[in-house]
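Novice: Please see the structure below; I have some questions.
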Amino acid sequence: MTTDDEDSLAQRLPTILGGVLATLAIVVGGLWISGKAGLPSPQAVLSQAIPHAKPVLTGPVLALGDSVLLGAKQCLAGTDVRTRARENRTMKQGAARVEKRAAAGNLPPRVVIALGTNSPFGFKALDRIMRAAGPQRAVYFVTIELPDVEKYAFEDKVNQRLRAMPGRWPNARVIDWNASVLTSGLYPDGIHLNPVGCQAYATLITEGVAKG
């Protein structure tokens, strides 16, 4: 049974194979990560996450996110990244926001989506973002880091879907915070960024976007 946020099987069949192939590529490339031990550095993660298509993109970057991105806002000040973050924002709400900006002609060539902390979602919301962005823009999805408790058991499913996006859309990218998170950069809740995490998260985003 699919959720309200899932496409029907018929709608998803054309993209399932792409997702499978993308997953195989990740496994072969050594990016598949099952735990925090022995994780690569942020630079190593980024160097292996170069997308299929690599257009030359310049100009402002829109970063749309929730309270985690809000915690990195001050560390992104002075960069090309314009942060638009709000507490409790979901991926569905983010998709609606991207659609609204695209319709108004107010969507820059590079878009960072840092959502997923507050609830799980299906590929339908992610595909809405990509359709609204169009093939001329690069969209960077930031994976999430949540505490290992039952309340946040959806973390793995969310990250699997985010990591599958380059296989569904050639202009989708992944910035893997979950794979390179600094535990010393998180407050005791295991989610939000302290001053150390603020800088680490901001650096991961700016370096990821800079790679195209």
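The sequence shown begins at 15 in this note's numbering and counts up one residue at a time.
Note that CB positions come from ideal geometry on N, CA and C, so glycine has one too.
These figures come from a predicted structure and were not determined experimentally.
Suppose the cutoff is 6 Å on Cβ atoms and the five residues either side in sequence are ignored; what does the same chain contact list for phenylalanine 155 look like?
Specialist: Cβ neighbours of phenylalanine 155 beyond the five flanking positions: Ile127, Leu176, Met179 and Val188.
Novice: For asparagine 102 and glycine 108, I'd like the C-alpha separation in whole angstroms.
Specialist: Near 11 Å, if we compare the C-alpha coordinates of glycine 108 and asparagine 102.
Novice: According to DSSP, is isoleucine 205 helix, strand or coil?
Specialist: If DSSP states are grouped into helix, strand and coil, isoleucine 205 belongs with coil.
Novice: Got a sec? Which residues, its chain only, sit under 7 Å from threonine 97 by beta carbon, not counting five neighbours each side?
Specialist: Within the same chain, threonine 97 has close Cβ partners Ala77, Leu83, Lys87 and Leu90.
Novice: Determine the direct distance from the alpha carbon of glycine 222 to that of leucine 60, and round the result to whole angstroms.
Specialist: Here the model assigns leucine 60 a pLDDT of 44, short of 50, so the residue's position is not dependable, and the following value carries that caveat. Rounded to the nearest angstrom, the two C-alpha atoms are 6 Å apart.
Novice: At the level of alpha carbons, what is the spacing between valine 153 and alanine 118?
Specialist: Between valine 153 and alanine 118, the C-alpha separation is close to 18 Å.
Novice: Report all residues from its chain with a CB closer than 7 Å to the CB of arginine 142; omit the five preceding and five following residues, and keep chain order.
Specialist: Within the same chain, arginine 142 has close Cβ partners Ala109 and Glu113.
Novice: Taking a contact to mean a Cβ-Cβ separation below 8 Å, would you say aspartate 80 touches threonine 131 in this structure?
Specialist: For aspartate 80 and threonine 131, yes; Cβs fall inside 8 Å.
Novice: Which value, in whole angstroms, describes the spacing of the CA atoms of alanine 139 and methionine 105?
Specialist: The alpha-carbon atoms of alanine 139 and methionine 105 are separated by roughly 6 Å.
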